[in-house]
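Enquirer: Here the working numbering runs 1100 ahead of the position in the sequence shown, where the first position is 1.
For glycine and all other residues, C-beta sits at the position ideal for the given N, C-alpha and C.
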Amino acid sequence: MTPNDVLFDKYQVLKQKAQAIAHTLSNSEDNVIIITAENPDSLCATGILLLNFKEKKMGAHVIYGNEKVQIEKRIKKFEYKIIICIGFNLNEIPVSILKDENKKRVIIHHELTKKEVEKISKENVDELSLEPVGLAKDTVSNAGLCYFIASGFNGDYQKYSPLAIIGGLAKRQVDSKTQSLIGLYAIILDEGKKEQYLNVTTGTRIAGRESQPIHYALKYSINPYFPGLTGNESACTSFLSRTGITMKDQEDEWRTIASLSSEETKKLNDGLVSILMENKNHSINDIRKLIGPIYVIENESEKKPTRNAEEFLWLLEGACQIGKYGLALSVILGDRENSFDQLYSELSDYHGRATNAIDEIAQKPEIIKEKKYYRIITGNELFDRETAPVIINALIDSKTITIDTPLLVSVEQAEETYLFVHESPSEQERGIKLYHIFQEAEKDKIVNKLSKEGDFFEVSIETDKFSEVIKKVEQMLEYHHEGAKEVEVKEKQTTTSSQASVDIKTAEDKKE
């Protein structure tokens, strides 16, 4: 079943499970701890629960973490009877939590598999996930699941629909062609629109469309990345001048993309599409992403980044990247003054550094060093640990850097070097995964710390051991590549030998 083929009866089962959890929580007077994964979707999910707890005058502590050891250390500081885990697979939750049947445990994660759920002790545990009720994993996100829990707390739960929508956008639970949210979001959107918490229009999908002057929105645009515009303010103002779009209104105030007329929007879109098409690296999907649904949060002020769901997400993604989870959660909970101003200020600097680095690398491709089996960028002068991931993803998404071989980016801070690694899909198909090489290096104690496995991961290394680690990576890559070649040669030799035997046998048969 595809995410769009959601069956109503399965949705009802899911919602009933969610409301049962709400009933359990709302009738409890025990202390609650929420452990949330460090990503925008899980933070939005946490925010929905906290806002409901606040209405019920329930208290709760929040712990942020992606690592078991870190979570176990923090949880020992609190007295609690109920623990809620949001955004974790089963193997990411400390065993001490899973086995503690004296505590009420609630596990919420849209990606939990049916097999994982079957392993969970049923004693004093509630879980909310999709696969066990027959729904696809991308039918709704963790924020969407908590939205359904909210429906069991009070009648006005639709006010949380914007946070549920942001969670879905964070998890990219959208149609690849239309960029519209899929699955159960049709229900959430309908409920949000009916109660006038949400509106959906069509327009130019650029972060900053609601809050930033047009030329700034273009300058800081990373996804999509506009060659020649991203990171270059003067080029952006020249582009708008050529396009015939005035940058200020009659009151001499900066205009935003959201304020443009339909005719001006068409001019802007045509100009941006032309730039993307001139760059052969951009795929048709990059162009499709530019124009699509705009999810407007009606009770947020105009010209604020929190009014547009994708721009709100842009703030949260940046906050998570620089480790400001508390500020992000405060904004989710409604702070539009102190926390918002602090976060917005820090992110302005963050996005500025990122776009400048992207422009620099795009203009000087020689910065990317070509090695035999990988590419590497030494990034000390270009970016830091905070900006590295967003820069790498933007360069790959825009095809400025291809990943036919793995990409490594090193950033030295104090006595530690952080290595960001992006696996190559084609190399992974051949069974070559750099993550496994770094796992061996971690066992050999020449790597300090390794993040979770994925197509993109981070490694921390003592700076004086960096050369040793790179040498090990090169040796292992050579072993894998040359070993694969030897196997191919042997297979060819075997095939040739077998074919020769068949030919000889056939010739002998003919003689007879």
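Determine the closest residue to Arg-1453 out of Lys-1277, Ala-1264, Asn-1332, with distance taken between C-alpha atoms.
Expert: On the sequence shown, residue 1453 is found 353 positions in, with the first residue counted as 1. Per the Cα distances, Asn-1332.
Enquirer: Take Glu-1378 as the anchor and find which of Glu-1351, Phe-1326, Thr-1406, Glu-1460 has the nearest alpha-carbon.
Expert: Taking the first residue of the sequence shown as 1, we reach residue 1378 at position 278. For the residues Glu-1351, Phe-1326, Thr-1406, Glu-1460, the minimum Cα distance to Glu-1378 belongs to Phe-1326.
Enquirer: How do the segment 1220 to 1235 and the segment 1201 to 1212 stand: do at least 3 beta-carbon pairs fall below 8 Å, yes or no?
Expert: Yes: the two stretches touch, three or more of their Cβ pairs being nearer than 8 Å.
Enquirer: Is the Cβ-Cβ distance between Leu-1443 and Lys-1424 less than 8 Å?
Expert: Sequence index remark: in the sequence shown, residue 1443 carries index 343 (1-based). Sequence index remark: in the sequence shown, residue 1424 carries index 324 (1-based). Yes. Within cutoff.
Enquirer: Among Glu-1201, Leu-1149, Val-1206, Lys-1168, which has the Cα closest to the Cα of Asn-1191?
Expert: Sequence index remark: in the sequence shown, residue 1191 carries index 91 (1-based). Nearest of Glu-1201, Leu-1149, Val-1206, Lys-1168 to Asn-1191, Cα basis: Lys-1168.
Enquirer: In angstroms, rounded to a whole number, what distance separates the CA positions of Leu-1151 and Leu-1433?
Expert: Taking the first residue of the sequence shown as position 1, residue 1151 is located at position 51. Taking the first residue of the sequence shown as position 1, residue 1433 is located at position 333. Those two C-alpha atoms are separated by around 7 Å.
Enquirer: So if DSSP puts Ile-1163 in a beta bridge, which residue, or which two residues, is it bridged to?
Expert: As a first step, residue 1163 must be located in the sequence shown, where it is residue number 63. DSSP, once it has assigned bridges, lists Ile-1135 as partnering Ile-1163.
Enquirer: Any idea if Gly-1479 is buried or exposed, counting beta-carbon neighbours within 10 angstroms, 16 or more meaning buried?
Expert: Looking up residue 1479 in the sequence shown gives position 379. Buried, because 16 or more other Cβ atoms sit within 10 Å of the Cβ of Gly-1479.
Enquirer: Using DSSP with H/G/I as helix, E/B as strand and the rest coil, what is Glu-1231?
Expert: Within the sequence shown, the letter at position 131 stands for residue 1231. In this structure, Glu-1231 counts as helix in the three-state DSSP scheme.
Enquirer: Going by other Cβ atoms of all chains shown within 10 Å of its Cβ, with 16 needed for buried, is Ala-1317 buried or exposed?
Expert: Along the sequence shown, one-based indexing puts residue 1317 at 217. Ala-1317 comes out buried.
Enquirer: Is it true that the segment 1274 to 1285 meets the segment 1129 to 1143, where meeting means three or more beta-carbon pairs spaced less than 8 Å apart?
Expert: In short, these stretches do not touch, since the Cβ pair count stays below three.
Enquirer: Can you list, in chain order, the residues of its chain whose CB lies under 6 Å from that of Ile-1134, leaving out five sequence neighbours each side?
Expert: As a position in the sequence shown, residue 1134 is number 34, starting the count at 1. Contacts found: Thr-1146, Ala-1160, Val-1162, Ile-1184.
Enquirer: How is the alpha helix (DSSP H) around Gly-1267 delimited, first residue to last?
Expert: As a working note, residue 1267 is residue 167 in the sequence shown. Start and end: 1261 to 1270.
Enquirer: Could you give the residue range of the alpha helix (DSSP H) that holds Glu-1466?
Expert: As a first step, residue 1466 is located in the sequence shown; it is residue number 366 there, counting from the start. First-last for Glu-1466: undefined, no H or E at that position.
Enquirer: State yes or no: is the C-beta of Ser-1430 within less than 8 Å of the C-beta of Ser-1439?
Expert: Within the sequence shown, the letter at position 330 stands for residue 1430. Within the sequence shown, the letter at position 339 stands for residue 1439. Yes, the Cβ-Cβ distance between Ser-1430 and Ser-1439 is below 8 Å.
Enquirer: Does DSSP put Gly-1392 in a helix, in a strand, or in coil?
Expert: As a first step, residue 1392 is located in the sequence shown; it is residue number 292 there, counting from the start. Strand at Gly-1392.
Enquirer: Between Ile-1394 and Val-1300, which are expected to be in contact by the criterion C-beta below 8 Å, what is the C-beta distance as a whole number of angstroms?
Expert: Here residue 1394 is taken as the residue at index 294 of the sequence shown, counted from 1. Here residue 1300 is taken as the residue at index 200 of the sequence shown, counted from 1. 7 Å between Cβ atoms; contact.
Enquirer: Residues in its own chain within less than 8 Å of Tyr-1297 by CB, not counting five upstream and five downstream?
Expert: In the sequence shown, the residue the question calls residue 1297 occupies position 197. Correct list, in chain order: Gln-1258, Lys-1259, Ser-1261, Pro-1262, Ile-1397, Glu-1398, Asn-1399.
Enquirer: Would the beta-carbon of Lys-1117 fall within 8 Å of that of Leu-1228?
Expert: Indexing the sequence shown from 1 puts residue 1117 at position 17. Indexing the sequence shown from 1 puts residue 1228 at position 128. Yes. Within cutoff.
Enquirer: Check whether the Cβ atoms of Ala-1304 and Leu-1376 sit closer than 8 Å, and answer yes or no.
Expert: Locating residue 1304 in the sequence shown gives position 204, counting from the first residue. Locating residue 1376 in the sequence shown gives position 276, counting from the first residue. The residue asked about is misnamed: residue 1304 is Thr in this sequence, not Ala. Their beta carbons are not under 8 Å apart, which means Thr-1304 does not touch Leu-1376 by this criterion.
Enquirer: Cutting at 6 Å between CB atoms, please list the residues of its own chain near Val-1521, excluding the five before and the five after it.
Expert: Within the sequence shown, numbered from 1, the residue matching residue 1521 stands at position 421. Leu-1508, Leu-1534, Phe-1557, listed in sequence order.
Enquirer: Going by DSSP, which residues form a beta bridge with Tyr-1518?
Expert: If you number the sequence shown from 1, residue 1518 lands on position 418. Its beta-bridge partners are Val-1511, Ser-1560.
Enquirer: Is the segment 1247 to 1256 in contact with the segment 1122 to 1136, if contact means three or more CB pairs nearer than 8 Å?
Expert: Yes, the segment 1247 to 1256 is in contact with the segment 1122 to 1136.
Enquirer: Nearest to Gly-1615 by alpha carbon, out of Leu-1340, Lys-1348, Phe-1188?
Expert: Here the chain has residues from 1101 to 1612 only, and residue 1615 is not among them.
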